[in-house]
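Going by the UniProt record's numbering, the first residue of the sequence shown is number 1, and it counts up by one from there.
Idealized CB from N, CA, C, for every residue including glycine.
Quick notes on the structure that follows.
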Amino acid sequence: MSENQGVGESGNGLVDVHEGEFAGWQVWQSDAFEQRAGPFYERRQDDGTMLTAFRAEARHMNGAGFMHGGCLMTFADSALFTIARDAMEGSHGVTLTLTGDFLDPAREGQLIEATGEVVRAGGKTVFVAGIVKADGNPVLRFDGIIRKVRGSR
């Protein structure tokens, strides 16, 4: 499938996915790094919280056959901003800190999902706590701080 097949514009840099496993989700087509690393899909759940996910592929694995820790942390970094979407109030942001505790390995073929909560938001700082699961099994617990910044130059 080509990069643009099965997606349509929805504004805010997000595109709607219309085909495949993630039909009904959205993806940031404008973030080249996340497209190469993932792509990472997201959607708002019925309870209003955000969920982000991707399918683990061979290219995400390390030499031992488990998901590379850097891939999990890249996904967690992306998830920070998905989880904090409402608290960001349309602002851009940068990650000030990101810490993670690896709990269990993730394997090829598993559905990798992240959820979390904004622990505190005020002024220009947003604190987020989250969990990454592989087929429902916790594999990474993470905490991060986002600093809101003005738009790009």
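Notebook entry, point to check: Under the three-state reduction of DSSP, which class applies to F75: helix, strand or coil?
Noted result: Looking up residue 75 in the sequence shown gives position 75. Three-state result, F75: helix.
Checklist line | Whether P105 touches M50 by CB criterion (8 Å) | finding: As a position in the sequence shown, residue 105 is number 105, starting the count at 1. As a position in the sequence shown, residue 50 is number 50, starting the count at 1. Result no, Cβ atoms of P105 and M50 do not sit closer than 8 Å.
Margin query: So V132 and I112 are supposed to be a Cβ contact under 8 Å. How far apart are they, rounded?
Written below: Translated into positions along the sequence shown, residue 132 becomes position 132. Translated into positions along the sequence shown, residue 112 becomes position 112. That belief holds up - the Cβ atoms of V132 and I112 are roughly 6 Å apart, short of 8 Å.
Note to self: With three or more beta-carbon pairs closer than 8 Å as the criterion, would you say the region 117-132 touches the region 85-96?
What the structure shows: yes
Item checked: Member of Q26, T82, L14 and H60 whose CA lies at the smallest distance from the CA of R36 -> In the sequence shown, the residue the question calls residue 36 occupies position 36. Taking only the C-alpha atoms, the option nearest R36 is H60.
Next item on the list: Mark S30 as exposed unless 16 or more other C-beta atoms lie within 10 angstroms of its C-beta, in which case mark it buried.
Entry: Here residue 30 refers to the residue found at position 30 when the sequence shown is read from its first residue. Exposed, by the Cβ-count rule.
Notebook entry, point to check: Alpha carbon to alpha carbon, how far is E117 from E57?
Noted result: The residue you call residue 117 lines up with position 117 of the sequence shown. The residue you call residue 57 lines up with position 57 of the sequence shown. Going from the Cα of E117 to the Cα of E57 covers about 27 Å.
Next item on the list: Spell out whether any CB of chain C is found under 8 Å from the CB atom of E117.
Entry: Judged by its chain identifiers, the structure shown contains no chain C, having just a single protein chain.
Notebook entry, point to check: In chain order, what residues of the same chain lie with their CB nearer than 8 Å to the CB of E103, ignoring the 5 residues before and after it?
Noted result: Position 103 of the sequence shown, counting from 1, holds the residue named residue 103. Here residue 103 is Leu; the residue named in the question, Glu, does not match the sequence. Cβ neighbours of L103 beyond the five flanking positions: P138, V139, L140 and R141.
Next item on the list: Might you give, ordered along the chain, the residues of its own chain that have their beta carbon closer than 6 Å to the beta carbon of K148, omitting 5 neighbours on each side?
Entry: Against the sequence shown, residue 148 aligns to sequence position 148. Closer than 6 Å at Cβ, skipping near neighbours: S91, G93 and K124.
Next item on the list: Verify whether the separation of the beta carbon atoms of Q110 and D135 is less than 8 Å.
Entry: For this step, residue 110 is matched to residue 110 along the sequence shown. For this step, residue 135 is matched to residue 135 along the sequence shown. Yes.
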